[in-house]
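Undergrad: Here the sequence shown stands for residues 4 to 1193, numbered as in the numbering used here.
For each residue, glycine too, the CB sits at the ideal point set by N, CA and C.
Quick one: structure below, then a few questions.
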Amino acid sequence: MSWVEPQEVLVAKALWSVERANTYFLLQRRKGHADRGIGSILVNTLDTVLDSSAKVAPYRLLHQTPSSDICYIIASGSSKSEIHKSWTWLEQNVMETLPTFENDDDVTEFVLGKIRSLAATSENTKTLSQNSKKFQEATMKFRRIFGMPEEEKLVNYYSCSYWKGRIPRQGWMYLSINHLSFYSFILGIQTKLVIRWVDITELKKTHTMLVPESICVYVREQVYNFSVFTNVNETHKLMVQLANISVRQIIDKESFEEDLALANKPRSSQKSSKKKRKSSTLKRDLDARERSEKYRLLFRLPKTEKLDGHIQCTVWAPYEKNYIWGKLYLSRNFICFAGIPEDVVKIVIPMRNIAIVEKANSSAALPNPISITIRTKSTLLLGHLQDREYLVELISDFLSKTSHVRYGKQNSESGSEEPGSPPATFEPALRTIFCRRGSDDVDPKELMKENLWSMHFEEYGKGVSMYRTPKLQELVMKGIPDSSRGEIWMLFSGAVNELGCHPGYYQSLVEQSLGKCTIATDEIERDLHRSLPEHPAFQSSRGIDALRRVLTAYAFRNPSIGYCQAMNIVTSVLLLYSTEEQAFWLLVSLCERLLPDYYNTKVVGALVDQGVFEDLMKGYLPKLHDHLQNLGVVATVSLSWFLTLFLCAMPFNAAVKVIDCFFYNGARVIFQLALTVFRINMEKLISCKDDGEAMTVLSMYLGSIRNRDYKDVSPPTSLQVRMNPDPSFPPCDIGDLIERACERFTEISETTIEKMRFAQRLKVVKKIEDSIAKSAIRSAQPESKFDKDVLGDLFSLFKEELRAKTYWGGDEEEGAGAGVLLNSSDDQFVADKELFIYLFSNLSPWRFGDVSKQVVQRFFLLLEENHTVSFRELAVTLGIMCKGDVQQKLSLIYRLHLPPCCSMDSPEAEFGVEAMQFFTAADGDVNVFQEKVARLSNGTVDTGVELPDPDPLPKVDVENEPITKDMVDDHYAMDDASNVEESGAIDEKSPVTEAEKLSAPAKKKPTGYRHMLASKYPAKPLPVMNQLQFIQLCKTVYNMFRDHEKESELYQAISVVATLLLKMGEAGAQSQVSQKRDEVDGFVFVDSAGSDTKSDEMKECDAPSETASMENKQQGQDANTETTPVPAKKVPCGGDANEWTITFEQFVASVLTEQALTEFFGAEHKIDSEIGVLRSNHAVERVHLTPSTP
4 MSWVEPQEVL
14 VAKALWSVER
24 ANTYFLLQRR
34 KGHADRGIGS
44 ILVNTLDTVL
54 DSSAKVAPYR
64 LLHQTPSSDI
74 CYIIASGSSK
84 SEIHKSWTWL
94 EQNVMETLPT
104 FENDDDVTEF
114 VLGKIRSLAA
124 TSENTKTLSQ
134 NSKKFQEATM
144 KFRRIFGMPE
154 EEKLVNYYSC
164 SYWKGRIPRQ
174 GWMYLSINHL
184 SFYSFILGIQ
194 TKLVIRWVDI
204 TELKKTHTML
214 VPESICVYVR
224 EQVYNFSVFT
234 NVNETHKLMV
244 QLANISVRQI
254 IDKESFEEDL
264 ALANKPRSSQ
274 KSSKKKRKSS
284 TLKRDLDARE
294 RSEKYRLLFR
304 LPKTEKLDGH
314 IQCTVWAPYE
324 KNYIWGKLYL
334 SRNFICFAGI
344 PEDVVKIVIP
354 MRNIAIVEKA
364 NSSAALPNPI
374 SITIRTKSTL
384 LLGHLQDREY
394 LVELISDFLS
404 KTSHVRYGKQ
414 NSESGSEEPG
424 SPPATFEPAL
434 RTIFCRRGSD
444 DVDPKELMKE
454 NLWSMHFEEY
464 GKGVSMYRTP
474 KLQELVMKGI
484 PDSSRGEIWM
494 LFSGAVNELG
504 CHPGYYQSLV
514 EQSLGKCTIA
524 TDEIERDLHR
534 SLPEHPAFQS
544 SRGIDALRRV
554 LTAYAFRNPS
564 IGYCQAMNIV
574 TSVLLLYSTE
584 EQAFWLLVSL
594 CERLLPDYYN
604 TKVVGALVDQ
614 GVFEDLMKGY
624 LPKLHDHLQN
634 LGVVATVSLS
644 WFLTLFLCAM
654 PFNAAVKVID
664 CFFYNGARVI
674 FQLALTVFRI
684 NMEKLISCKD
694 DGEAMTVLSM
704 YLGSIRNRDY
714 KDVSPPTSLQ
724 VRMNPDPSFP
734 PCDIGDLIER
744 ACERFTEISE
754 TTIEKMRFAQ
764 RLKVVKKIED
774 SIAKSAIRSA
784 QPESKFDKDV
794 LGDLFSLFKE
804 ELRAKTYWGG
814 DEEEGAGAGV
824 LLNSSDDQFV
834 ADKELFIYLF
844 SNLSPWRFGD
854 VSKQVVQRFF
864 LLLEENHTVS
874 FRELAVTLGI
884 MCKGDVQQKL
894 SLIYRLHLPP
904 CCSMDSPEAE
914 FGVEAMQFFT
924 AADGDVNVFQ
934 EKVARLSNGT
944 VDTGVELPDP
954 DPLPKVDVEN
964 EPITKDMVDD
974 HYAMDDASNV
984 EESGAIDEKS
994 PVTEAEKLSA
1004 PAKKKPTGYR
1014 HMLASKYPAK
1024 PLPVMNQLQF
1034 IQLCKTVYNM
1044 FRDHEKESEL
1054 YQAISVVATL
1064 LLKMGEAGAQ
1074 SQVSQKRDEV
1084 DGFVFVDSAG
1094 SDTKSDEMKE
1104 CDAPSETASM
1114 ENKQQGQDAN
1124 TETTPVPAKK
1134 VPCGGDANEW
1144 TITFEQFVAS
1154 VLTEQALTEF
1164 FGAEHKIDSE
1174 IGVLRSNHAV
1184 ERVHLTPSTP
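And the structure:
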């Protein structure tokens, strides 16, 4: 409910019915809401088609006066309870005051003023100021129709038709952060559709004669068609953005966060169109994200840079002595300029390099100019600026906030380095130390290239702020000199900006990673000597140490990637031509911007580009694609080519030229080059009969590629193709090949590749998820006892609920659930306590009546590890409950009533002694037994003693219990649980370090509870159960029989079993007392031989300590002395000497004597229908997961 700004209503009762009324107020309900009939159907249809705001609020409050026909809307609500609260408030706070006014006009003025005050202070005021009122109404409607929580933000909504079969359903499509939703209500037929973005495999715009413009949404095997959009391009663009965000959440394990700074930013002063009025701050946020992404991609800027705005202007080009029109882009740390078209000129100016920004003198040729002076003394002149004063003020503000952050130690005195500390200066380019040529052997081609680049720098500027024109592309094709290659790579890749923004960062990472051991460092050590092993630089400790530092530093910077094979090969080449710190930042640019997701655990990015390349092959070389697809060649070769940038496929000097072009042109040059290689060898490849022959053709051709700028003065490395010259493959220059590729496939641009990557990313992520799901199901199936189909449905439910909880879950640890589905470990599918209770309560075939809450939470304590329960544990437990044998089911129930699942400090234990008399009194009387236990369950006994409430779960503080982590994992390995509790003699293990955790193997053998459930009989005997624990067990079993068709028979059987076990426990306690015949008043008699006279069994029970034995020796006992009483320290065996206990074997044997109990626990159950019900109830309908009462 919300108070609203009062609005006049001339016809108050049109399409509304009055539910309550008094002299000054009306409470109305919209016709068609909560009633039936043809009139209601027509009203509902009208509201849906016309998007009536009245549909959003089915209840409203009106203010009226007897002397006027005009009414005012003062409040609206989505439910009767909400609107009645407002009505009650008016009656209690306003109605008593109104009769005191002299006329109705004063009454209206007072009421409207009061309502305006309430509306101004309501929680919705801030939101309404950001988004239009109509959009807020749509948001309320969206949440009410689909049961969405407030955390599910609506981005935008569009009118469209959903084609269900051949019949279109006119309605509204709602696009939110996590879901695509559609609602239609036409003549009593309601259509409701909710699709998760993460379930979508393809989004495609189609055009047919019947449906001119439509959007097809592919979800696995289903296709949903939507058409009749007012703006199909905008809708499709937004759908692509949201689907891409969802996929990125899975890959990057990052949740979506709204840009609050953008939400508070005022809108443009331009006239807003109808579309603008309907859009939300989230829509503006997504549009801003898209513009920032294009901005970063265009100028190769860091991933954190956000575009603030852009404006058209001109720039003075000194090399042409002319002005060039283009766009000026401004962000927090950079000023950039791109000509029109963009490849005419590009300029990047970091804020940190700007010395002065000032207004220049205007002229007719250059009005409203500003001058930007860079610290290198060069000046950039911009003109034709519409709002020069504001721009200068904004740049000055950014400059004042520019800070130079340094990481690690600021000063390091030379000669003060401790052993093992990182060097104060890192290695230079390794080629300068390990040069293949002699010092006097100067290649004239290198000198020519150096002169060409030197001349270009003099004319167009040098460094990050140089003018980047098409002539730079020509210069790259002519070749980059070895002496400048590292610096030029830094400029082209944008790594120079990362380095400039984070001075000292690499040094600090090296210091942090020094001496640390993780899985990544182990993998790095294995691959260090496989990186260009024939090159002298990596036959030396200096090269190996530099490579180790760079790879380890990056693994610590980005633990989600850590280290991936092929990173060592690329990094070794970077170290040859750039300094160690430059090589690190080049690797950062490569892994995080230029080749995103290439080097994560699943090489998702490489697989995505593999799919992109196959689509390009299908489009440009369809005949060859169809032939090679059958052989499986394209997928094999393209993956290795892309991961190593052709370093493993062609000679070294030729591959370095490919890397030159890659850093300048981006990933498109890799696709262009690969297509050209296949196109040149198309005839030979089509004639190949198998994949081996095709691979040989490609290998021989790539082995024949040369770089004419270098002489082959050294043998090929182990990564290069070793082939004898073949006349059918004459030598080919890599420069000519790249130029030919760019000319032939010039239409392949970065924008085209990004669009194709999105389509492939959806498919690749779904394939990886399916593969991991199959692995998890396959690993759990042998132990779970479910068949493949049921286990698959159970896993789907588990995954859906885990993902739904991640959408709106609270803490950061839960947010990782979005990306957990791409983790290779099966044990990563885990549920926290809340989710486990919800799933287990609804899927358990057993019902526990009044003790349901306690029992379910005991199950969680039994299964949990690190406060979570894995999917495998849940499946195994449910499998035993549904299809296990009697022995396993009874073992499961028995374990629930032992520590740590059942604490003896619980409230239930306090009345255990009083409750025991009811079992003994009920011997042979079933009715008395049932009555007593029922009253015991209700918390009262005949003695009049009020028992504690049995509902709350006994609080078990596992961390404070005298039970170690190993005992929680396998707490049944103890021979006697009570001995452990009293003596506390448990070996504490040293804490596990973070490095040991990371270096631990991904998969471990089944241990603890799961290992014992997998076998029919426990490997070790279960601990004995005392009397109080037995009472709780009986209470649990009693509640399991409630409402069963054989309830009375089962009650009779359990009474017989309970009585029998009680007698067994009493007999065992008396037996222990009788065995104390050799012990008198705490003394043990020692015979003349120096040994005690007690039997072996008594020794085991008393268990004298080594301290007592040492005391005996210190007292100088002699073999000839007489028998002397010596005090002995006793350790109870199962508690006191007369403690009541039973064993698991006694419990099982007693239950098996009763046919009714054997049939009950031996019955099999199916949970297919329960899983289906939970899956059909969409997760969004449950804002908070609450367990249903079993």
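1) Using the DSSP secondary-structure output, state which residues sit across from residue 1055 in a beta bridge.
2) With a 10 Å radius around its C-beta and 16 neighbouring C-beta atoms as the bar for buried, classify residue 813 as buried or exposed.
3) Go through its chain and collect everything with a Cβ distance to residue 602's Cβ below 6 Å, but skip five positions before and after it.
4) Look at the Cβ atom of residue 704, then the Cβ atom of residue 665, and state whether they are nearer than 7 Å.
5) Could you tell me which uninterrupted beta strand (DSSP E) segments, each at least 3 residues in length, are contained entirely in the region 140-215, listed from first to last along the chain?
6) Keeping to the same chain, check which residues put their C-beta closer than 7 Å to that of residue 586; ignore five residues upstream and five downstream.
7) I'd like to check one pair, residue 394 with residue 402: are the Cβ atoms closer than 7 Å?
8) Under a three-way DSSP split, which group does residue 226 fall into?
9) Taking the continuous beta strand (DSSP E) assigned at residue 11, which residues delimit it?
10) For residue 226, does the count of other Cβ atoms within 10 angstroms reach 16, so buried, or fall short, so exposed?
11) What are the partner residues of residue 340, as DSSP defines its beta bridges?
12) Which term fits residue 20, buried or exposed, when burial requires 16 or more other beta carbons within 10 angstroms of its beta carbon?
13) Is residue 560 helix, strand or coil when you go by DSSP?
14) Spell out the partners DSSP gives residue 736 in its beta bridges.
15) Reducing DSSP to helix, strand and coil, say where residue 522 ends up.
16) Can you tell me whether residue 678 is helix, strand or coil according to DSSP?
17) Can you give me the Cβ contacts of residue 1165 inside the same chain, cut-off strictly under 6 Å, excluding the 5 residues immediately before and after it?
18) Would you call the region 203-216 and the region 226-240 touching, i.e. three or more CB-CB distances under 8 Å?
19) If we count the other Cβ atoms within 10 Å of its Cβ and call it buried at 16 or more, is residue 247 buried or exposed?
20) Report yes or no: do three or more beta-carbon pairs, one from the region 354-368 and one from the region 327-339, lie closer than 8 Å?
21) Report yes or no: do three or more beta-carbon pairs, one from the region 667-680 and one from the region 745-753, lie closer than 8 Å?
22) Of all the options 367, 390, 396 and 362, which has the alpha carbon lying nearest to the alpha carbon of residue 383?
23) How would you call residue 941, buried or exposed, if buried means at least 16 neighbouring beta carbons within 10 angstroms?
24) How many angstroms separate the CA atom of residue 635 from the CA atom of residue 695?
25) Have a look at residue 548 and residue 557 and give me their C-alpha separation to the nearest angstrom.
26) I'd like to check one pair, residue 484 with residue 582: are the Cβ atoms closer than 7 Å?
27) With a cut-off of 7 Å, does the C-beta of residue 708 fall near any C-beta of chain C?
28) Please list, in chain order, all residues of the same chain as residue 305 whose beta carbon is under 7 Å from its beta carbon, the five residues on each side excluded.
29) For the alpha helix (DSSP H) holding residue 510, just list the boundary residues, first then last.
30) Check for me: the alpha helix (DSSP H) holding residue 240 runs from which residue to which?
31) Does the region 682-689 come close enough to the region 606-614 to have 3 or more Cβ pairs within less than 8 Å?
32) So, are the CB atoms of residue 101 and residue 27 less than 7 Å apart?
33) Let me know the secondary structure DSSP gives residue 653 once reduced to three states.
34) In the DSSP assignment, find the alpha helix (DSSP H) that holds residue 885 and state where it starts and stops.
35) Are the CB atoms of residue 589 and residue 486 within a distance shorter than 7 Å?
36) Contact check, residue 31 vs residue 63 under 8 Å by CB: the rounded distance?
TA: The structure says:
1) Locating residue 1055 in the sequence shown gives position 1052, counting from the first residue. According to the DSSP secondary-structure assignment, residue 1055 is paired through a beta bridge with no residue.
2) Looking up residue 813 in the sequence shown gives position 810. Residue confidence for residue 813 is low, a pLDDT of 45 falling below 50, so the modelled location carries little weight; the figure read from the coordinates is stated next. Residue 813 is exposed by the Cβ-count criterion.
3) By one-based count along the sequence shown, residue 602 stands at place 599. Only 564, 567, 570 and 594 meet the Cβ criterion.
4) On the sequence shown, residue 704 is found 701 positions in, with the first residue counted as 1. On the sequence shown, residue 665 is found 662 positions in, with the first residue counted as 1. No. Outside cutoff.
5) Counting only runs that start and end inside the region 140-215, the beta strand (DSSP E) elements of at least 3 residues fall at 157-167, 170-179, 182-189, 192-199 and 205-209.
6) Counting from one through the sequence shown, the residue named residue 586 turns up at place 583. Here the set comprises 553, 574, 577 and 578.
7) Indexing the sequence shown from 1 puts residue 402 at position 399. Indexing the sequence shown from 1 puts residue 394 at position 391. The Cβ-Cβ distance between residue 402 and residue 394 does not fall below 7 Å.
8) Taking the sequence shown and counting its residues from 1, one reaches residue 226 at position 223. Reduced to three states, the DSSP call for residue 226 is strand.
9) Looking up residue 11 in the sequence shown gives position 8. For residue 11, the enclosing beta strand (DSSP E) starts and ends at 5-12.
10) Stepping through the sequence shown from its first residue, residue 226 is reached at position 223. Exposed.
11) Looking up residue 340 in the sequence shown gives position 337. 331 and 350, per the DSSP bridge assignment.
12) Walking along the sequence shown from the start, residue 20 turns up at place 17. Result: exposed.
13) Your numbering for residue 560 matches position 557 in the sequence shown. Note: residue 560 maps to helix in three-state DSSP.
14) By 1-based counting over the sequence shown, the position of residue 736 is 733. Residue 736 is bridged to 709.
15) Position 519 of the sequence shown, counted from the first residue, corresponds to residue 522. In this structure, residue 522 counts as helix in the three-state DSSP scheme.
16) Here residue 678 refers to the residue found at position 675 of the sequence shown. Helix.
17) Along the sequence shown, one-based indexing puts residue 1165 at 1162. Leaving aside the five residues that flank residue 1165 on each side, the residues in its chain whose CB is nearer than 6 Å to its CB run, in chain order, 889.
18) Three or more beta-carbon pairs drawn from the region 203-216 and the region 226-240 are found closer than 8 Å, and the two stretches are therefore classed as touching.
19) In the sequence shown, the residue the question calls residue 247 occupies position 244. Buried, since its Cβ has 16 or more Cβ neighbours within 10 Å.
20) Flag = yes, the region 354-368 and the region 327-339 touch.
21) They touch, by the three-pair rule.
22) Here residue 383 refers to the residue found at position 380 when the sequence shown is read from its first residue. Among 367, 390, 396 and 362, the Cα nearest to that of residue 383 belongs to 362.
23) The sequence position of residue 941 within the sequence shown is 938, counting from 1. Below a pLDDT of 50, predicted positions are generally treated as unreliable, and residue 941, at 44, falls in that range; no measurement from the model is reported.
24) As a first step, residue 635 is located in the sequence shown; it is residue number 632 there, counting from the start. As a first step, residue 695 is located in the sequence shown; it is residue number 692 there, counting from the start. Taking the straight line joining both Cα atoms gives about 10 Å.
25) Walking along the sequence shown from the start, residue 548 turns up at place 545. Walking along the sequence shown from the start, residue 557 turns up at place 554. Just so you know, the alpha carbons of residue 548 and residue 557 end up roughly 14 Å apart.
26) Locating residue 582 in the sequence shown gives position 579, counting from the first residue. Locating residue 484 in the sequence shown gives position 481, counting from the first residue. When the beta-carbon positions are compared, residue 582 and residue 484 stay at least 7 Å from each other.
27) In the structure shown, chain C does not exist; there is a single protein chain.
28) As a working mapping, residue 305 is identified with position 302 in the sequence shown. Listed in chain order, the non-local C-beta contacts of residue 305 below 7 Å within the same chain comprise 500, 501 and 504, local neighbours out to five positions each way being set aside.
29) In the sequence shown, counting from the first residue as 1, residue 510 sits at position 507. Segment 508-516, the alpha helix (DSSP H) holding residue 510.
30) Start at 1 with the first residue of the sequence shown, and residue 240 comes out as number 237. Here the alpha helix (DSSP H) through residue 240 covers 235-255.
31) These segments do not touch.
32) Taking the sequence shown and counting its residues from 1, the one referred to as residue 101 is at position 98. Taking the sequence shown and counting its residues from 1, the one referred to as residue 27 is at position 24. It is a contact, given that the beta carbons lie within the stated cut-off.
33) As a working note, residue 653 is residue 650 in the sequence shown. Coil at residue 653, not helix or strand.
34) In the sequence shown, the residue the question calls residue 885 occupies position 882. For residue 885, the enclosing alpha helix (DSSP H) starts and ends at 874-886.
35) Within the sequence shown, the letter at position 483 stands for residue 486. Within the sequence shown, the letter at position 586 stands for residue 589. It is not a contact, given that the beta carbons lie outside the stated cut-off.
36) Reading the sequence shown from its first residue, position 28 is the one you call residue 31. Reading the sequence shown from its first residue, position 60 is the one you call residue 63. Their Cβ separation, rounded to whole angstroms, is 5 Å, which keeps residue 31 and residue 63 in contact under 8 Å.
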